[in-house]
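S.K.:
There are 2 protein chains.
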Amino acid sequence: MESTGRDTVGLYEGILSTRAIRRYTDEAAPDEDLRDMLFAATRAPSGSNRQPFRFLVLTSGPVAQEAKRLIGTGARRFWEAKRAADGYDRGSGQMEDSPKSRLARTMQHYVDDFERVPVLVLPCYLGYRAPAPSDGASVYPACQNLLLAARALGYGGVLTGWHQSVETDLRALLAIPDQAVISATITLGRPVGHHGPVRRRPLPELVYGERWGEAPAWAVDPPGAGHTAAGPPGGT
Amino acid sequence: MESTGRDTVGLYEGILSTRAIRRYTDEAAPDEDLRDMLFAATRAPSGSNRQPFRFLVLTSGPVAQEAKRLIGTGARRFWEAKRAADGYDRGSGQMEDSPKSRLARTMQHYVDDFERVPVLVLPCYLGYRAPAPSDGASVYPACQNLLLAARALGYGGVLTGWHQSVETDLRALLAIPDQAVISATITLGRPVGHHGPVRRRPLPELVYGERWGEAPAWAVDPPGAGHTAAGPPGGT
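Which chain is which? The protein sequence lines are A and B, in order. One gets the working numbering by counting positions in the first sequence from 1 and adding 523 to each. One gets the working numbering by counting positions in the second sequence from 1 and adding 523 to each.
Printed below as a string of structure tokens:
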């Protein structure tokens with residue numbers, strides 16, 4: 524295995540500091556890096572080790588360009604509606620340096636430049652029985668492996684649902700069979716900006732002990748954890 | 524953050540060598556390790572950063588013991604049926620050292636001793652809209668983070684669906700509300716045995732380029748990759 528020697532960050536620290544990266548340089552990913560990222564993705568567990576995950580990896584060339592154009596068009600439409608509905612331009616969204624307006628700028632840039640993302644990955648779930656809520660247990664761990672492996676190799680990425688509004692066209696373009704569910708749209712590239720600590724709710728809101736809603740005494744954030752309210756911004 | 528200094532394996536190498544661990548020593552996990560594993564789990568991404576994941580963490584005490592007993596009972600029933608239906612005792616399952624009979628022994632031991640697993644985690648998904656196949660994108664990345672963080676801190680675990688047949692009783696015992704879906708049963712502990720490379724299908728069967736079913740030239744396994752057929756064994 525060629526894993527040894529590529530690591531510049533430890534496993535635990537890497538998990539804690541893998542952020543969603545939505546801005547990329549124009550640098551293409553060499554074949555070896557693509558291989559190593561996808562190899563790591565496919566090491567994930569799945570139910571009975573069936574490995575029902577499949578990854579469409581689109582980089583350059585006319586089909587990849589068309590896939591990016593399709594998804595980019597859907598993403599811009601979706602973001603425009605969400606920006607208005609979730610009030611990204613109201614309240615603190617009017618202050619240039621608020622987290623809300625910074626996220627809105629990043630998202631706008633992301634969808635505006637979608638056609639330039641270096642690597643577009645469509646993870647799919649290949650169904651073999653009636654759909655169940657637990658199907659995701661056999662594809663999303665592989666998606667998380669992909670994002671973490673990208674971080675390990677100097678890349679960054681984000682998991683989105685941008686394919687959803689253009690799924691019919693995408694399926695035709697890429698010859699995706701009916702029994703495959705497109706599980707996500709993941710984009711990858713060399714980050715503009717940096718990985719680093721992420722912001723989440725305080726641990727006692729997310730971790731319970733022997734009864735729902737009641738956190739055990741040990742479930743406290745380590746010093747330095749960054750907090751955020753959950754979900755998209757309200758009107759504040 | 525207290526992450527630095529706990530790492531003994533690199534991020535990329537850790538992803539490649541995190542196996543399903545189903546045998547544990549009786550050692551309990553100290554509070555600090557529980558905290559750090561769950562903290563890592565909750566750093567995972569989720570749709571719009573809503574963080575709809577919740578983790579019930581059960582260790583010792585009467586409620587935890589009852590939860591383990593419930594799930595263990597369901598697991599033994601399920602495994603007995605699966606062992607017969609999937610032919611684990613036929614063909615190569617009759618040879619003591621075949622992969623099939625080794626897996627069968629491990630599984631039998633796992634369900635027989637379920638009440639002794641040091642840490643039982645029930646990750647839940649807190650629904651906020653009509654269920655969709657993409658819901659898993661907001662809970663299973665956190666489950667994978669948990670398994671990887673366990674590996675980072677010297678533990679091991681496995682993601683199962685053992686809760687499914689005893690869900691009604693579990694919900695009552697733990698006061699799990701109706702809008703929460705139990706997404707998985709994860710067990711964790713100090714491994715008997717070792718982490719190491721996992722076996723998956725060859726990469727060209729899992730990774731496609733611009734058309735479904737057609738692997739790009741770079742999608743080849745690095746040297747030393749271990750292969751497996753997918754899914755449970757047939758009659759061979």
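In this text, a Cβ means the ideal position worked out from N, Cα and C, and glycines have one as well.
(1) Can you give the Cα-Cα distance for V644/A and P585/A, rounded to whole angstroms?
(2) Helix, strand or coil: how does DSSP classify Y535/B here?
(3) Cβ of D612/A less than 8 angstroms from any chain B Cβ?
(4) Helix, strand or coil: which one does DSSP assign to I594/B?
(5) Cβ closer than 7 angstroms: which chain B residues qualify as neighbours of Q574/A?
(6) Under 8 angstroms, do E638/B and K591/B count as touching if we go by C-beta distance?
(7) Could you give the residue range of the beta strand (DSSP E) that holds R577/B?
(8) Give the C-beta separation of V662/A and P568/A to the nearest angstrom, bearing in mind that I take them to be a contact with Cβ-Cβ under 8 angstroms.
(9) Buried or exposed, going by whether 16 or more other CB atoms sit within 10 Å of the CB of T531/B?
(10) Please look up how many angstroms separate the CB atoms of L729/A and F601/B, rounded, as I've assumed it's under 8 angstroms.
(11) Taking 8 angstroms as the cut-off, decide whether the C-beta atoms of A707/B and P646/B are in contact.
(12) At a Cβ threshold of 8 angstroms, is L676/B touching chain A?
(13) Spell out whether any CB of chain A is found under 8 angstroms from the CB atom of P664/B.
(14) How far does the alpha helix (DSSP H) with L669/B in it extend, from its first residue to its last?
(15) What residue range is occupied by the uninterrupted alpha helix (DSSP H) comprising P622/B?
(16) Tell me which residue opens and which closes the alpha helix (DSSP H) that L557/B is part of.
(17) Compare the beta carbon distance of P720/B and A738/B with 8 angstroms and say whether it is the shorter of the two.
(18) Can you check whether the C-beta of P656/A is within less than 8 angstroms of a C-beta belonging to chain B?
(19) Chain B partners of T565/A, CB-CB under 8 angstroms?
(20) So, does the region 623 to 643 of chain A touch the region 540 to 549 of chain A, judging by three or more C-beta pairs under 8 angstroms?
(21) Could you check if V715/A is buried or exposed, using at least 16 other CB atoms within 10 Å of its CB as the buried criterion?
(22) Return the CA-CA distance between I705/B and L669/B, expressed in angstroms with no decimal places.
(23) Smallest Cα separation from A672/A: which of D559/A, T683/A and G684/A?
(24) Residues of chain A with CB under 7 angstroms from E603/B, in chain order?
(25) Checking contacts by CB at 8 angstroms: is Y547/A closer than that to chain B?
(26) Along the chain, which unbroken stretches of the alpha helix (DSSP H) at least 4 residues long are found entirely within the region 677 to 753 of chain B?
(27) Alpha carbon to alpha carbon, how far is Y611/B from A627/B? Give it in angstroms, no decimals.
(28) Considering only their Cβ atoms, is the gap separating L534/B from A742/A smaller than 8 angstroms?
(29) Helix, strand or coil for V640/A? Go by DSSP, reduced to three states.
(30) In angstroms, rounded to a whole number, what distance separates the CA positions of L557/B and R694/B?
(31) Report the rounded CA-to-CA distance for L711/A versus H718/A, giving the unit in angstroms.
(32) For A762/A, which three-state DSSP category applies?
(33) Using a Cβ cut-off of 8 angstroms (strictly closer), state whether W685/A contacts chain E.
M.R.: Looking at the atomic coordinates:
(1) Between V644/A and P585/A, the alpha-carbon positions lie close to 16 angstroms from each other.
(2) DSSP places Y535/B in helix when its eight states are reduced to three.
(3) By this cut-off, D612/A is not an interface position.
(4) Assigned with DSSP and collapsed to three states, I594/B falls in helix.
(5) Correct list: R723, R724, L729 and A753.
(6) Against a cut-off of 8 angstroms, the Cβ pair of K591/B and E638/B comes out as a contact.
(7) Start and end: F576 to L581.
(8) Contact doesn't hold; Cβ gap of about 11 angstroms is too wide.
(9) Under this definition T531/B is an exposed residue.
(10) By a beta-carbon distance limit of 8 angstroms, L729/A does not contact F601/B. Their separation comes to about 29 angstroms.
(11) Going by beta carbons, A707/B and P646/B fall inside the 8 angstroms limit.
(12) Chain A contact via Cβ: present.
(13) True, the Cβ-Cβ gap to chain A drops below 8 angstroms.
(14) From DSSP, the alpha helix (DSSP H) with L669/B extends over Y663 to A675.
(15) Element bounds for P622/B: P622 to D635.
(16) Residue range D554 to A564 is occupied by the alpha helix (DSSP H) that includes L557/B.
(17) No, the pair does not count as a contact, with Cβ atoms beyond the cut-off.
(18) Chain B, which has a Cβ nearer than 8 angstroms to the Cβ of P656/A, makes this yes.
(19) Ordered by position in chain B, the residues that pass the 8 angstroms Cβ test against T565/A are R723, R724, L726, L729 and V730.
(20) By the criterion of at least three beta-carbon pairs nearer than 8 angstroms, the region 623 to 643 of chain A is in contact with the region 540 to 549 of chain A.
(21) Label assigned to V715/A: exposed.
(22) Each residue's Cα considered, the two are about 16 angstroms apart.
(23) If you compare the alpha carbons of D559/A, T683/A and G684/A with that of A672/A, the shortest gap goes to D559/A.
(24) Within chain A, no C-beta atom comes less than 7 angstroms from the C-beta of E603/B; the nearest is roughly 16 angstroms away.
(25) Taking 8 angstroms as the threshold, the shortest C-beta distance from Y547/A to chain B does not fall below it.
(26) The region 677 to 753 of chain B contains these whole alpha helix (DSSP H) runs: 690 to 697.
(27) In this structure, the straight-line span from the alpha carbon of A627/B to that of Y611/B is close to 6 angstroms.
(28) A742/A is not a Cβ neighbour of L534/B, given a cutoff of 8 angstroms.
(29) DSSP places V640/A in the coil class of the three-state scheme, outside both helix and strand.
(30) Taking the straight line from one Cα to the other gives about 23 angstroms.
(31) One Cα belongs to L711/A, the other to H718/A, and the distance between them is close to 13 angstroms.
(32) Limits of chain A in this structure are 524 at one end and 759 at the other, which puts residue 762/A out of reach.
(33) Chain labels in this structure do not include chain E; the protein chains are A and B.
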